[in-house]
Every structure is written in C-alpha cells, then in structure tokens.
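Asker: Line by line, the protein sequences give chains U and B.
When we follow our numbering, the leftmost residue of the first sequence carries the number 18, and every step to the right adds one.
When we follow our numbering, the leftmost residue of the second sequence carries the number 18, and every step to the right adds one.
Number of protein chains: 2
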Amino acid sequence: MKVLATNDDGIYADGLWALRDALSALGEVIVVAPDRPRSASGHAITLHKPLRVREVSLTNGEWGYCTNGTPSDCVVLGIVDIVGKPDLVVSGINVGANLGEDLTYSGTVCAAMEAALFEVPAFSISITSDEVEDFGPAAEVALRLAEEIGKHGLPPDTFLNVNVPPLPREKVAGIAVTTQGRRRYQSRLEKRLDPRGKEYYWLKGDLEDALDAGDTDVKAVARGFVSVTPIHLDLTDYGFIDALKGWDLFRSR
Amino acid sequence: MKVLATNDDGIYADGLWALRDALSALGEVIVVAPDRPRSASGHAITLHKPLRVREVSLTNGEWGYCTNGTPSDCVVLGIVDIVGKPDLVVSGINVGANLGEDLTYSGTVCAAMEAALFEVPAFSISITSDEVEDFGPAAEVALRLAEEIGKHGLPPDTFLNVNVPPLPREKVAGIAVTTQGRRRYQSRLEKRLDPRGKEYYWLKGDLEDALDAGDTDVKAVARGFVSVTPIHLDLTDYGFIDALKGWDLFRSR
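1) Nearest-angstrom Cα distance between Tyr29/B and Asp52/B?
2) I need the DSSP call for Tyr218/U, collapsed to helix, strand or coil.
3) Report buried or exposed for Asn77/B, applying the criterion of at least 16 other Cβ atoms within 10 angstroms of its Cβ.
4) Report the CB separation of Phe152/U from Ala35/U in whole angstroms; it is logged as a contact under 8 Å.
5) Hey, Gln197/B and Leu120/B are a contact pair by Cβ (cut 8 Å); roughly how many whole angstroms apart?
6) Report all residues from its chain with a CB closer than 6 Å to the CB of Ala22/B; omit the five preceding and five following residues, and keep chain order.
7) Give a yes or no on whether the C-beta atoms belonging to Ser141/U and Ala129/U are separated by under 7 Å.
8) Please report the distance separating the alpha-carbon of Trp264/B from that of Asp254/U.
9) Nearest to Ala61/B by CA position, among Phe176/B, Asp25/B and Glu207/B, is which residue?
10) Determine which residues of the stretch 122 to 134 of chain U have a Cβ less than 7 Å from any Cβ of chain B, and write them out in chain order.
11) For Ser89/U, report the span of its alpha helix (DSSP H) as first-last.
12) Starting from the beta carbon of Lys19/U, find every residue of chain B whose beta carbon is closer than 8 Å, and list them in chain order.
13) Return the bridge partner residues of Arg120/U from the DSSP annotation.
14) Taking only the alpha-carbon atoms, compute the straight-line gap between Glu216/U and Pro67/B and give it to the nearest angstrom.
15) Can you give me the start and stop residues for the alpha helix (DSSP H) that Val238/B sits inside?
16) Could you tell me whether the stretch 72 to 90 of chain B touches the stretch 239 to 257 of chain U, where touching means 3 or more Cβ pairs closer than 8 Å?
17) Secondary structure at Thr125/B, three-state DSSP: helix, strand or coil?
18) Going by DSSP, which residues form a beta bridge with Arg209/B?
19) From the beta carbon of Gly214/B, is the nearest beta carbon of chain U less than 7 Å away?
20) Can you tell me whether Ile257/U is helix, strand or coil according to DSSP?
21) Between Lys236/U and chain B, is the shortest Cβ-Cβ distance under 7 Å, so that the two count as touching?
22) Pull up the distance between the alpha-carbon of Gly109/U and that of Gly81/B, whole angstroms please.
23) Between Val93/U and chain B, is any beta-carbon pair separated by less than 7 Å?
24) In terms of DSSP beta bridges, what is Gly81/U paired with?
25) Here's a check: name, in chain order, each residue in its chain whose Cβ is nearer than 6 Å to the Cβ of Phe135/B, leaving out the five neighbours to either side.
26) What does Val245/U touch in chain B if you count any residue whose Cβ is under 8 Å from its own?
27) So is Ala39/B buried or exposed if we call it buried at 16+ other beta carbons inside 10 Å?
28) Return the bridge partner residues of Arg201/B from the DSSP annotation.
29) Taking the alpha-carbon positions, what's the Trp219/B to Glu207/B distance?
30) Does the CB of Val100/B have a neighbour CB from chain U at under 7 Å?
31) On the DSSP bridge list, what partners appear for Val181/U?
32) Under 7 Å Cβ to Cβ from Ala155/B, same chain only, skipping five residues before and after it: list those, please.
33) Tell me, please, which residues DSSP counts as bridged to Glu45/U.
34) What did DSSP end up calling Pro51/U once you bin it into helix, strand or coil?
35) Select from the stretch 103 to 121 of chain U all residues with a C-beta closer than 7 Å to any C-beta belonging to chain B, and list them in chain order.
36) Helix, strand or coil for Pro138/B per DSSP?
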C-alpha cells in the first residue's frame with residue numbers, strides 16, 4: 018500500500034509523524050506537508066504565486082517533502098508529481114477538533130477533500146484537544162481505518178472525517194459512525210487597541226457546546242467515542258430544489 | 018433591506034460595485050471586502066494574525082470597508098462588528114465560473130457559506146468567463162434573486178450559488194435551478210525551471226468540459242442558462258452511513 022500523508026499543522030508537527038509511523042505497518046508512507054502551520058486554510062489553493070517543494074530531514078531521523086503551499090496544494094503536488102497516485106491519502110493527526118461547521122474551515126479536512134476530488138480514498142483525523150500528550154490512540158484508529166479502507170474501498174466522491182477524544186486508549190468508549198453536527202460559536206471577534214491607539218481584531222470562537230439532535234460527531238466525541246463521519250463532495254441541498262423552482266425568477270422585467 | 022456585499026476579487030473589482038449599485042434599489046448596501054484579490058481562498062479564516070479594517074473612498078465616488086482578511090473574515094467582521102446582522106449577504110459579482118467542484122475552493126462561494134453559518138440569507142454570484150465586459154445581466158439577476166429571498170427567505174443552513182453565462186441579456190436562455198455538477202480537471206500542475214535552474218510549480222486547471230448527468234450547474238451554463246444551485250452546510254454522506262456501520266472498526270487489537 019502506498020500512502021500520502023499530509024496535515025495543516027506543518028511538517029514539524031508531532032501528530033504527522035505519529036501518523037506516518039503507524040501507517041508504515043501497511044507499506045510506504047510518503048509525507049508531503051506545508052512548511053509552516055496552515056490551520057484554518059480551508060480548501061484554499063495557491064494560484065497567485067509559484068509553489069516550491071523541498072526535501073526535509075528531521076532530527077528524529079525521518080524525512081519528507083515540504084511545500085510553501087496549503088494542505089490542498091500538498092495533495093495536488095503529491096498526487097500529480099511527487100508520489101504519483103497513492104492508494105490512500107491521510108491528513109493529520111491534527112491537534113484540535115474538526116467537528117460540525119469546522120470542516121470547511123479546516124486545512125486538515127480539506128486536504129482529504131482534495132484527495133477525494135482525485136478519486137483517491139482519503140480520511141482526515143484530529144484529536145479534539147488543543148493540547149495533546151499522546152498520539153497513540155489516534156494513530157491506532159488511523160491504522161485500523163486504513164486497513165478497512167484497503168479492504169472495502171470508499172464510494173466515489175466520499176471521504177471520511179475522524180475525530181478522536183483526548184483519552185487514554187482504555188477510556189475510549191468505542192468508534193461511532195456519525196453525521197456532521199453543529200457547534201454554535203458564541204462570539205467570533207475580539208477588538209483591541211494597538212500601542213498607537215488603532216483598532217485591530219482577533220478572530221476567535223468561543224464554543225457554546227450545545228449537543229445537537231441526531232448521532233452527530235459533536236455528540237459522539239463529547240461522550241468519549243471516536244467519531245467517523247462520511248463526507249460527500251456534492252453539497253447540493255436537494256430538499257430545497259422543488260421549492261426553489263416555484264420562485265418567480267423568470268419574470269421579465 | 019440592509020445588505021452586506023463582499024467578494025474575493027478585492028475591493029477595487031468592478032463586479033463588486035456593479036452588484037452594490039444594483040442592490041441599492043432594495044435599501045442600504047454596505048461593502049466589506051478584501052484589500053486585495055483573494056481568489057481560491059476557500060473557507061479560510063485568519064487566526065494567526067490580527068485583522069485590520071479601513072474605510073476606502075474610490076475614484077468612482079463610492080466608498081466601502083476593506084480588510085486584510087479573507088472573504089470569510091470580511092463576513093465575520095461585517096456581521097459581528099461593522100454592519101450588524103444584515104438581511105442579506107451577497108458575494109460577487111465574481112469574474113470566473115464557480116461551478117461543480119470549484120465551490121469549496123472559491124472565496125466568493127465560501128463568503129456566502131460563512132453568512133449561512135450566521136443564519137443570514139446569502140448567495141454568491143459569478144460570471145462564467147475570465148474576461149467580463151458587461152456586469153449588467155448578472156447584476157439584474159442578483160437584484161431579482163435578492164427580491165425573491167426577501168419575499169420567501171431561505172431554509173436554515175442553506176445558501177444559493179449563482180452562475181451567469183457571459184451573454185448579452187437577450188441571449189440568456191433563462192434561469193435554471195440546478196444541482197452541483199462535476200468538472201474534471203485534466204492537468205493540475207506545470208513544472209518550470211527558474212533562472213537559477215531550480216524547479217517550481219504553477220497550479221492550473223485545464224478543464225475537461227464533460228457535461229455530467231442530471232440538471233447540473235455545469236450543464237445549465239453551457240446551454241446559456243443562469244444556474245441557481247441551493248447549497249447545504251451539512252456535508253454528511255447519508256447514503257454511506259449504513260455500509261460504514263458494517264465495517265469492522267470495533268475489533269479489539
């Protein structure tokens with residue numbers, strides 16, 4: 018099995034190498050990752066400037082390719098040029114949750130989305146804590162999931178988004194197949210004054226941790242489960258099409 | 018009606034001001050847009066550095082707010098601080114198609130997505146050509162759609178993505194309610210050598226204009242129609258959940 022590993026925390030992030038080590042049990046794992054942290058870069062790709070790739074050796078003895086691009090750029094560069102079409106793309110292990118509406122903001126998740134556009138099976142994996150001590154349980158989930166994808170494949174236009182609670186292995190309640198939930202952000206901005214008295218803003222997101230209805234990723238992780246959510250590339254709201262056809266859009270003016 | 022207008026081509030783009038002028042028929046239109054082109058920025062938001070807002074007067078006599086952030090940042094800043102909760106957010110008029118898989122790459126489309134997360138009705142609007150002479154027909158569509166949204170509202174978690182063919186008004190075939198299609202990109206990278214003999218890459222996307230099955234945005238625009246696609250914030254692949262539950266993820270190792 019040939020695996021392309023990437024992330025949005027950058028090539029020096031421990032979670033990436035924990036992922037690489039775990040997946041090495043399945044075959045060759047090639048790392049193509051951003052040269053610096055690119056959190057919240059969404060599905061951004063770099064069109065306005067050239068991209069560079071270089072090989073990096075790490076002090077832990079590992080090596081990989083890094084680029085000046087986004088996580089999605091890394092997947093394009095990896096699949097089209099550096100690695101060739103792999104059997105699997107895995108993005109992570111991210112430090113911080115990618116649940117509910119986080120998905121489209123997340124560089125981690127959108128790297129897996131990019132792979133799905135290339136018709137390569139893919140998943141993203143995150144630990145739902147901003148401070149991670151042990152990547153072991155998440156790495157184990159990644160390996161298990163990679164084995165199952167190897168066995169079953171994934172449907173076209175579908176990838177998986179995985180979130181692992183920050184618990185010791187024996188405290189993880191299990192693995193739950195979930196839907197994408199909603200987390201409401203209570204406040205999104207903080208306005209400050211700089212030393213020259215001028216206003217500036219920090220974006221933030223204080224979560225109102227409402228547990229929404231249904232078997233959602235948000236709820237599963239809050240209950241100690243690993244959540245696995247299948248995500249589809251088609252965002253059409255099919256349920257609204259008939260009503261929309263009834264609108265008076267065709268009136269001549 | 019209070020409208021927040023933004024885009025990803027930046028505050029100096031003509032399409033933004035054509036949009037602003039058209040929507041002024043409905044009430045107050047406040048522009049909050051990026052200070053430079055931010056195409057293909059997806060749903061990226063800026064967490065790693067502060068955001069600034071400044072007022073800009075244009076030589077055409079117009080004025081608006083610009084920020085150093087992404088289109089989605091502009092929507093957050095606009096709704097939370099500058100404008101307050103508007104009745105409608107419109108993003109565009111973009112120069113270039115946002116069809117099929119372009120949606121999640123597009124700063125234009127994801128600005129409307131951001132508004133939907135704030136539970137504000139929103140749509141994105143693009144002209145499917147990289148060279149636009151006349152924004153008139155698209156501006157007229159934007160006004161018509163804004164009127165209808167004012168009358169009917171939009172369902173929760175839903176926004177609209179609109180694409181207008183680059184045709185004179187009388188040649189536009191009509192307005193079609195569509196699904197999100199697929200356009201296959203034939204090649205995605207061009208590798209070059211710099212003057213020092215080092216490799217670099219340009220991302221590109223040569224389109225294989227396969228007309229996919231169903232009433233898609235891609236097909237409608239190719240036939241001269243304006244496409245209006247309802248997009249939902251929930252990306253869950255509900256059709257794959259039962260099969261995924263059958264996977265052997267729970268085996269103890």
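The beta-carbon is built from N, C-alpha and C at its ideal position, and this holds for glycine as well.
Answerer: This is what the structure holds:
1) The alpha-carbon of Tyr29/B is positioned some 8 Å away from that of Asp52/B.
2) Reduced to three states, the DSSP call for Tyr218/U is strand.
3) Exposed, since its Cβ has fewer than 16 Cβ neighbours within 10 Å.
4) The pair is a contact, with the Cβ atoms about 4 Å apart (cut-off 8 Å).
5) 6 Å between Cβ atoms; contact.
6) Taken in chain order, the residues that qualify are Leu36, Arg37, Val46, Val48 and Val107.
7) Contact check for Ser141/U against Ala129/U passes: the beta carbons are separated by less than 7 Å.
8) Going from the Cα of Trp264/B to the Cα of Asp254/U covers about 28 Å.
9) Looking at the Cα atoms, Asp25/B is the closest of the given residues.
10) Listed in sequence order: Tyr122, Cys127, Met130 and Leu134.
11) DSSP places Ser89/U inside the alpha helix (DSSP H), whose first and last residues are Pro88 to Leu94.
12) Result: empty, since nearest Cβ-Cβ is about 19 Å, beyond 8 Å.
13) Reading the sequence as shown, one finds Leu at residue 120/U and not Arg. In DSSP, Leu120/U forms no bridge with anything.
14) Cα to Cα, Glu216/U sits roughly 10 Å from Pro67/B.
15) From DSSP, the alpha helix (DSSP H) with Val238/B extends over Asp234 to Ala239.
16) No: fewer than three Cβ pairs fall under 8 Å.
17) For Thr125/B, the secondary structure class from DSSP, reduced to helix, strand or coil, is helix.
18) Per DSSP, the beta bridge partners of Arg209/B are Tyr217/B.
19) Residue contact with chain U for Gly214/B: absent (no Cβ-Cβ distance below 7 Å to any residue of chain U).
20) Looking at the sequence provided, one finds Phe at residue 257/U rather than Ile. Helix at Phe257/U.
21) No - not a single Cβ of chain B is within 7 Å of the one on Lys236/U.
22) A direct Cα-to-Cα measurement between Gly109/U and Gly81/B gives close to 40 Å.
23) With 7 Å as the cut-off, Val93/U counts as an interface residue toward chain B.
24) Its beta-bridge partners are Val73/U.
25) Cβ within range, chain order: Ile96.
26) For the C-beta of Val245/U, the chain B residues within less than 8 Å are, from N- to C-terminus, Leu261 and Leu266.
27) Per the 10 Å Cβ criterion, buried.
28) Paired residues: Glu225/B.
29) Going from the Cα of Trp219/B to the Cα of Glu207/B covers about 5 Å.
30) Among the residues facing chain U, Val100/B is not included, as its CB has no counterpart in that chain under 7 Å away.
31) Residue pairing for Val181/U: DSSP places it in a beta bridge opposite Ile144/U.
32) The residues Ile110, Ile142, Ile144 and Val181, in chain order, have a CB closer than 7 Å to that of Ala155/B in the same chain once the five nearest residues on each side in sequence are set aside.
33) Glu45/U is bridged by DSSP to Lys19/U.
34) It is a strand residue.
35) The stretch 103 to 121 of chain U vs chain B, Cβ under 7 Å: Glu118, Leu120 and Thr121.
36) In the three-state scheme derived from DSSP, where H, G and I count as helix and E and B as strand, Pro138/B is classed as coil.
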